Amino acid sequence: MCGIVAYIGPREAYPILIKGLQRLEYRGYDSAGLVIANGGLNMYKTKGKVSDLVEYVKDQKTSGSIGIAHTRWATHGEPNQTNAHPHYSQSRKLAIIHNGIIENYSSLKEELIHRGYEFHSDTDTEVLVNLIEDIQTNEKVSLEEAVRIALNQVIGAYAIAILSVDSPDTIVAARKGSPLVIGIGKDDYFLASDATPIIEYTKNVVYLEDEEVAVLKRNEELKIRNIKNKELTPYIQELEWNLHELEKGGYEHFMMKEIYEQPRSIRDSMRGRLHAQEGTISLGGIIDYEQKLLHARRVIIIACGTSWHAGLVGEYLFEDIARVTVEVEYASEFRYRNPIIDEDDVVIAISQSGETADTLAAIELAKQRGATILGICNVVGSSIPRATHAGIYTHAGPEIGVASTKAFTAQVTILTLMALRLAELKGNIPKSRFMHLLAELENLPNHIEKSLNNRGIIQEIAKRFQDVSNFLYLGRGYNFPVALEGALKLKEISYIHAEGYPAAEMKHGPIALIDENMPVVFIAPKKGIYEKVVSNIQEVKARNGKIIAIVTEGDEHIKKIADYVIEIPETEEFLIPMLASIPLQKLAYHVAILRGCNVDQPRNLAKSVTVE
Ligand code: G6P
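Read in order, the letters of the sequence shown correspond to residues 9 to 620 in the numbering used here.
Written out as structure tokens, the structure reads:
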């Protein structure tokens, strides 16, 4: 987590740094700060959001054309002004910003204290900057060299940027485990945790790799070395996203914009891959691994958060459509479980950001044991796609709202295409039925467009239940993961406690919670084991629970039992997760707004979780 921005060039750094921080605020927002080098290193930092920093800096001198800036998500030390980044070294000649965790910071700190260093914050970052200073002083080496030597002593993850009073035209940056992108302008350099602060100025970027140290020097070529001191040639790539994709486009919040983008994002995920008229699917990104996937002993999906829920839908899709065995694992559990895995297994890692630390570590573990790793990611060029053997980008476009919406449906779209492609290869679905399934998938964005119009009823439901303390979400089969995701959306942004459950499991516990104050959301389309779900609804009704049901258009039966119904168009069962999750995203949004919550930046959360 944490967002890093830095600039060096002919322009004023301050506005570029602030705008960049605002774009990166989704990565963390409990404190923010910056340093501008202009004679000395002028540091400003404060608790709170980037807007608080702007207010704090308002009447101060910010001129200068080189600077580093940071928005924080606390790991070591509470979020306050002292722990906010940047941090000075003891002599105040160096200033650093850092994203990640230095795991051996306490032993390094002890040694430095022994050597006379004093610490003002509770952070691991202050240890790193003093270690660099100590090396520079004792070994009389350049800043770049001191950074390189220091990083050889560090265990953990870092993305760092450092300024030095003695090298006023240089930024030294390095990464391991936390992302860093360098933007190359005409006569300036930009540095950031992702490309969003850079895209406005240049499309030419270099993604720094693990254990690489970059020197960004005014009027000089970019220099990159690894921490073993090997000189490397920077690989310049062109960015794909546009600036307008990063703005709110008339919506009050990014989350709502992203919810409404779903017909478009799903179409983009399918573009060039789904050929409904020809009855084929082509997945260029994994074409060389299709046979491996088809004959895998096991397919294991690993992911975290919402991406894990997409993985659960994937399990139903792969087994139901392609008859392929799938296990779905939390990456954080998988990596520490000593899993039995070898070269006959295929791992599919799902991640919106492509930077989630647990997912990355799980990939590395599976790779070491010989498994084939495929990725499903949204952010092009991020760490996970680079760590996998092959993969498919979701093409949902940048997702800024911390609660994932369009990335989820795009991930499910890709998993649907993969399951259908495996079925095509296996030939286990009659051609006419296969053609019908593809046509239905192609038509899904139209269905979503239609169902996005039911705002009235969702707002009414939100109003009625905005003050409750608990919600229950129930679904069966394909819709069990939808229940989990619906509950997650609500708790993430409204802070109402919500639980998702398989509807039939309700009787083994959650039913004890049901009384006249408990809203229960059922995902109850007229497909699969509909009658069984209706029985579960009756069980809640009998205990006076309040029933909100997502139903197929025209379902008069449930309408008579439920307190509220939200209709979705009739479609094939395997497409319902995508269709049904959208009203649940909207319900969470409206409840959160009525409760006065910050939907785009919910408390304690971050979009990209680069710590374990
Ligand atoms: C964070 C985000 C979630 C996301 C999860 C996994 O917790 O707030 O929205 O689902 O990380 O992130 P990934 O980028 O790997 O999908």
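Glycine included, each C-beta is placed from N, C-alpha and C at the ideal position.
Keep in mind the model is a prediction, meaning the values are calculated, not measured.
Nearest CA to the CA of residue i: which residue from the options?
i: Glu327; options: Arg429, Gly280, Ile26, Lys238; result: Arg429
i: Gln161; options: Ser186, Leu171, Ser115; result: Ser115
i: Ser172; options: Ile206, Ile76, Tyr34; result: Ile76
i: Asp276; options: Ser129, Met443, Leu452; result: Leu452
i: Leu601; options: Gly287, His261, Tyr338; result: The sequence as given places Ile at residue 601; Leu does not occur at that position. Ranking the options by Cα distance to Ile601, first place goes to His261.
i: Tyr324; options: Ile308, Tyr572, Gly313, Ala339; result: Ile308
i: Pro176; options: Asp132, Ile232, Asn50, Asp366; result: Asn50
i: Ala415; options: Ser315, Val529, Ile456; result: Ser315
i: Glu152; options: Ala181, Tyr166, Glu134; result: Ala181
i: His106; options: Arg80, Tyr243, Ile267; result: Arg80
i: Glu118; options: Asn138, His565, Lys101; result: Asn138
i: Ile294; options: Gly11, His565, Ile400, Ser412; result: Ile400
i: Asp130; options: Ile110, Ile235, Ala520, Ala21; result: Ile110
i: His317; options: Ala92, Gln419, Ile232, Ser39; result: Gln419
i: Ile590; options: Ala411, Ala40, Asp60, Gly378; result: Ala411
i: Gly405; options: Glu266, His598, Thr133; result: Glu266
i: Thr333; options: Val155, Ser391, Ala431, Gly258; result: Ala431
i: Gly193; options: Gly108, Gln546, Gln245; result: Gln245
i: Ile566; options: His598, Val529, Ile179, Val599; result: Val529
i: Asn112; options: His128, Phe127, Val135; result: Val135
i: Gly124; options: Lys238, Ser97, Asn606; result: Ser97
i: Tyr22; options: Gly435, Leu247, Gln270, Lys66; result: Lys66
i: Asn227; options: Tyr197, Gln270, Leu247, Thr417; result: Tyr197
i: Asp353; options: Ala374, Lys549, Gln360; result: Ala374
i: Tyr597; options: Lys148, Gly164, Gly483, Tyr259; result: Tyr259
i: Lys101; options: Leu301, Asp563, Asp174; result: Asp174
i: Ala479; options: Ile466, Leu498, Gln467, Glu493; result: Here residue 479 is Phe; the residue named in the question, Ala, does not match the sequence. The option with the nearest alpha carbon to Phe479 is Leu498.
If residue i sits next to residue j, beta carbons under 8 angstroms apart, how far is it from one beta carbon to the other, in whole angstroms?
i: Ile310; j: Ala222; result: Not confirmed; about 31 angstroms, so no contact.
i: Thr380; j: His397; result: 6 angstroms
i: Ala574; j: Pro527; result: According to the sequence displayed, residue 574 carries Ile and not Ala. So it is not a contact: roughly 13 angstroms between Cβ atoms.
i: Ala200; j: Val13; result: 5 angstroms
i: Glu561; j: Glu539; result: With a Cβ gap of about 19 angstroms, Glu561 and Glu539 do not count as contacting.
i: Ser71; j: Pro18; result: That belief does not hold up - the Cβ atoms of Ser71 and Pro18 are roughly 13 angstroms apart, past 8 angstroms.
i: Leu382; j: Glu298; result: Wrong, their Cβ atoms sit about 10 angstroms apart, outside the cutoff.
i: Thr413; j: Gln593; result: 5 angstroms
i: Asn82; j: Ala40; result: Residue identity differs from the one stated: residue 82 is Ala in this sequence, not Asn. Their Cβ separation, rounded to whole angstroms, is 12 angstroms, which puts Ala82 and Ala40 out of contact at 8 angstroms.
i: Ile104; j: Ile44; result: Contact doesn't hold; Cβ gap of about 15 angstroms is too wide.
i: Thr618; j: Gly185; result: 7 angstroms
i: Asn552; j: Asp523; result: 6 angstroms
i: Gly313; j: Glu351; result: Their Cβ separation, rounded to whole angstroms, is 29 angstroms, which puts Gly313 and Glu351 out of contact at 8 angstroms.
Can you have a look at residue i and say buried or exposed, based on whether 16 or more other CB atoms are within 10 angstroms of its CB?
i: Ser543; result: exposed
i: Ile348; result: exposed
i: Thr424; result: buried
i: Tyr625; result: Here the chain comprises residues numbered 9 to 620, so residue 625 is not present and cannot be evaluated.
i: Ala470; result: buried
i: Thr441; result: Residue identity differs from the one stated: residue 441 is Arg in this sequence, not Thr. When all chains shown are included, Arg441 counts as exposed.
i: Ile537; result: exposed
i: Gln376; result: exposed
i: Leu251; result: exposed
i: Thr402; result: buried
i: Asn386; result: buried
i: Pro393; result: buried
i: Pro94; result: buried
i: Gly604; result: exposed
i: Ile241; result: Per the sequence shown, the amino acid found at residue 241 is Thr instead of Ile. Label assigned to Thr241: exposed.
i: Ala520; result: exposed
i: His283; result: exposed
i: Ser361; result: buried
Can you confirm whether residue i, when its beta carbon is compared against all beta carbons of chain D, has any partner nearer than 8 angstroms?
i: Lys515; result: As a matter of chain content, chain D is missing from the structure shown, which is built from one protein chain.
Beta strand (DSSP E) runs contained entirely in the region 538 to 617, provided each spans 3 or more residues: 554 to 560, 572 to 576
The region 524 to 536 in contact with the region 479 to 492 per 3-pair CB rule at 8 angstroms: Contact between the region 524 to 536 and the region 479 to 492 is present, because at least three Cβ pairs lie under 8 angstroms.
Inter-stretch contact (C-beta, 8 angstroms, three-pair minimum) for the region 136 to 147 and the region 200 to 210: no
Any beta strand (DSSP E) of 3 or more consecutive residues that is wholly inside the region 210 to 282: Taking only runs of at least 3 residues, the beta strand (DSSP E) segments lying wholly in the region 210 to 282 are 212 to 215, 220 to 225, 231 to 234.
Segment contact, 8 angstroms Cβ cut-off, at least three pairs: the region 81 to 98 with the region 49 to 59: yes
Those runs of the beta strand (DSSP E) which lie wholly inside the region 284 to 327 and span at least 3 residues: Within the region 284 to 327, the complete beta strand (DSSP E) runs of at least 3 residues are 306 to 311.
Any 3 or more C-beta pairs closer than 8 angstroms across the region 283 to 294 and the region 332 to 340: no
Touching by the beta-carbon criterion (3+ pairs, under 8 angstroms), the region 441 to 461 and the region 581 to 594: yes
Stretch-stretch touch, CB-based, cutoff 8 angstroms, three pairs: the region 255 to 275 with the region 585 to 605: yes
Cβ pair count under 8 angstroms reaching 3, the region 511 to 524 against the region 456 to 464: no
Three CB pairs or more closer than 8 angstroms across the region 212 to 222 and the region 185 to 193: yes
The region 495 to 506 contacting the region 470 to 479, beta-carbon criterion three pairs below 8 angstroms: yes
Every unbroken beta strand (DSSP E) inside the region 383 to 462 [3 residues or more]: 398 to 401
Contiguous beta strand (DSSP E) assignments of at least 3 residues, all confined to the region 20 to 91: 39 to 46, 48 to 55, 74 to 80
Secondary structure, beta strand (DSSP E): runs of 3+ residues fully inside the region 103 to 166: none
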